[in-house]
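Numbering follows numbering that gives the first Met the number 0, with no gaps: position 80 of the sequence shown is 79. Let me begin by presenting the structure, written as structure tokens, before commenting on it.
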Amino acid sequence: MTARRRDGLLRQRDFRLLWAGETTSRFGSNITGVAMPLVAVVTLDASTFWVSALAAAAWLPWLFLGLPAGAWVDRLPRRPLMVACNVASLVLLLSVPAAAWLDVLTMTQLLLVALLTGVANVFFSIAYRVYVPFVVPREHLTEANAKLQGSESAAQLAGLGGGGALAGAFGAVAGLVANAATFLIATLCLLGIRAREPVPERPERPQALRKDVTEGLRHTVRDPYLRVLTTYGTVTNLLLTGYQAILTVFLVRELHVGEAMVGWLLAGSSVGGLLGAVVATPVARRLGTARGMLLCKFATAPFGLLIPLAEPGWRVVLLPVGGAVLALGVVSANVIQGAFRQQYCPPQLLGRITASVSVANFGAIPVGSLLGGALGGTLGLRPALWLLTAGLAVSSVLLLAGPLRNRRDLPTEPPTEPPAGEPPARPAEQGGGAPVPADPTEPADRRTLRHAVPEQG
């Protein structure tokens with residue numbers, strides 16, 4: 000216990016900088032999550048469809064750039080790439096308040112800013128996940144993922160609430176100025192990190208980008224664990240972002256909530272995210288990583304049905320309560336998965352596998368946003384919310400389609416051979432390879448991946 004306190008992550012300067020920079024950036028991004036749709040609804044009087052299109056634009060680049068971006072990340076130094084992405088996002092976000100103050104802001108500019116910051120986010124997100132293992136020692140990856148998830152939930156709570164407060168006090172565009180400032184802080188934190196990542200190896204005869212992309216995609220599709228988690232993440236992202244894309248419109252136009260209160264009601268969901276980050280590790284230690292993840296998902300998904308039950312008056316509280324329980328399940332499962340991919344995947348393929356999973360997961364987000372807008376426009380906002388949250392309530396059964404249902408824990412070592420379509424035999428039965436640790440409390444048994452579902456879920 001003494002050694003752990005002495006060598007803990009909070010005493011490691013590089014991790015503190017990485018943690019502080021990412022938390023600050025997430026805080027700003029969540030301010031924008033409130034401010035951008037409010038600019039569209041209040042300042043530009045946009046329709047439900049255009050508000051959902053704005054949400055879709057930020058995620059659309061994953062569909063077109065995600066796979067090649069993973070191959071590029073595996074070839075490039077990650078920190079300079081992350082710095083460049085932050086600086087580009089800063090400049091793009093500042094263009095919106097500048098245009099608003101000059102009275103030339105249009106919906107076209109909002110969509111372009113969302114699209115281009117989405118491009119920067121594609122490269123940053125992949126590079127960030129590959130960069131973490133270079134800053135954080137292997138034995139601390141689980142602790143790092145739990146801290147990052149917890150602080151992101153806290154940033155979401157403060158950012159969404161702060162975004163609504165800023166919009167109410169100074170106007171919606173003020174939130175975009177605040178987000179630009181957080182990108183500056185995050186960039187300075189990255190530049191202060193002393194750890195030097197190794198230069199990515201360059202083969203004597205580099206293979207074509209298409210072959211690199213195909214290699215990562217093939218590994219993801221053939222691996223039974225990555226395949227089922229990716230499929231589940233894609234479906235849930237479609238449904239989560241479908242209802243989230245129309246929540247602001249639902250709050251303003253059906254529940255008659257003021258601008259400042261919108262942010263706080265959306266932020267209420269983040270309380271569940273904070274709890275999820277706290278309970279994930281004890282649940283995984285007690286039940287096992289695979290069983291713990293299944294419990295987190297099955298026990299929380301039906302609570303999303305509280306969201307369409309919200310009404311003006313005291314029943315408006317049902318919306319943040321339902322969202323909070325959903326967030327508890329999402330974040331706890333994300334923590335349980337957090338270092339899984341960082342440890343389980345072959346290091347030389349990590350960027351490409353991350354990109355393959357992210358393209359499927361995040362590529363569903365613009366489709367889900369447009370789906371939410373289309374359903375809200377044709378069926379009405381409340382019926383659309385019923386349909387999408389009912390889908391979430393039953394989506395967890397997809398996790399039973401793979402080997403997770405038969406395991407206590409997720410595997411903790413990269414496969415020694417390209418996986419076939421069937422679950423690999425237990426290491427004890429294979430007679431070789433690295434054994435799964437026998438002690439379920441060992442940190443290696445709790446390795447998991449961050450973010451198969453949207454942060455705001």
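Idealized CB from N, CA, C, for every residue including glycine. A quick note: this is a predicted structure, and the numbers were derived from the prediction, not measured.
As assigned by DSSP and simplified to three states, the class of Glu151
helix
Ignore the nearest five residues each way along the sequence and tell me which others in Pro60's own chain have a CB closer than 8 Å to its CB.
Leu114, Gly117, Val118, Asn120, Val121
C-alpha distance - Ala244 paired with Pro36, whole-angstrom precision
9 Å
Helix, strand or coil at His218 according to DSSP, with G and I counted as helix
helix
Given this structure, state the Cα-to-Cα distance separating Ala354 from Pro67, to the nearest angstrom.
8 Å
Going by other Cβ atoms of all chains shown within 10 Å of its Cβ, with 16 needed for buried, is Gln342 buried or exposed?
buried
Given Cys357, which residues of its chain have a CB within under 7 Å of its CB, disregarding the five upstream and five downstream residues?
According to the sequence shown, residue 357 is Ser rather than Cys. For Ser357, where only same-chain residues beyond five positions count, the Cβ hits under 7 Å are Trp61, Gly65, Ser124, Ile125.
Residues in its own chain within less than 8 Å of Ala52 by CB, not counting five upstream and five downstream?
Leu110, Ser368, Leu369, Gly372
Starting from the N-terminal side, write out each stretch of the alpha helix (DSSP H) that is 4 residues or longer and does not extend beyond the segment 224-293.
258-286
At a cut of 8 Å, does the segment 267-276 reach the segment 286-293 through at least three beta carbon pairs?
no
Do Ser395 and Ala326 count as a contact pair if the criterion is CB distance below 8 Å?
no
Separation of Val282 from Asp13, as counted between CA atoms:
29 Å
What's the C-alpha gap between Val131 and Ala99?
37 Å
Judging by CA-CA distance, which residue of Val393, Ala400, Arg78, Ala332 is the nearest neighbour of Arg195?
Arg78
For Gly430, which residues from the same chain have a beta carbon less than 6 Å from its beta carbon, with the 5 sequence-adjacent residues on both sides left out?
In this prediction, Gly430 has a pLDDT of 35, which is less than 50 and means its spatial position is unreliable; what the coordinates show is noted afterwards. None.
Could you compute how far the alpha carbon of Phe249 sits from the alpha carbon of Trp58?
22 Å
Return the first residue and the last residue of the alpha helix (DSSP H) that Ala119 is part of.
106-134
Are the beta-carbon atoms belonging to Leu470 and Tyr231 less than 8 Å from one another?
This structure cannot settle anything about residue 470, because the visible part of the chain is limited to 0 through 456.
Hey, how far is the Cα of Ala143 from the Cα of Val135?
7 Å
Under the three-state DSSP convention, the category Ala427 falls into:
Because Ala427 carries a pLDDT of 37, less than 50, the predicted location of this residue cannot be relied on, and no value is offered for it.
Distance check for Gly191 and Leu104, CA to CA, integer angstroms please.
36 Å
Report back the beta-carbon spacing between Gly328 and Ala300 to the nearest angstrom; my notes put them in contact at under 8 Å.
6 Å
So the alpha helix (DSSP H) Gly376 belongs to, where does it begin and stop?
349-377
Mark Trp18 as exposed unless 16 or more other C-beta atoms lie within 10 angstroms of its C-beta, in which case mark it buried.
buried
Distance, Cα to Cα, Val330 vs Ala185?
23 Å
Nearest residue (CA-CA) to Leu317, options Pro311, Ile306, Val324:
Ile306
Return the Cβ separation of Leu147 and Glu21 in integer angstroms, given the expectation that the two are a contact with Cβ distance under 8 Å.
7 Å
For Leu43, collect the residues of the same chain with a Cβ closer than 6 Å to its Cβ; drop the 5 residues on either side in sequence, then sort them by chain order.
Met106
Alpha-carbon to alpha-carbon, Val112 and Leu378:
30 Å
In three-state terms, what does DSSP make of Arg25?
helix
Give a single yes or no on whether Asp211 has its beta carbon closer than 7 Å to a heavy atom of the ligand PLP.
Absence of the ligand PLP is noted for the structure shown, with no ligands found whatsoever.
What do you get for Leu9, buried or exposed, if any count of 16 or more other CB atoms within 10 angstroms of its CB means buried?
exposed
Since Thr458 contacts Gly303 with CB under 8 Å, what's their CB separation in whole angstroms?
Outside the shown range of the chain, which is 0 to 456, sits residue 458, and nothing can be said about it.
Using only CA atoms, which one of Arg351, Leu264, Phe361 lies nearest to Gly322?
Leu264
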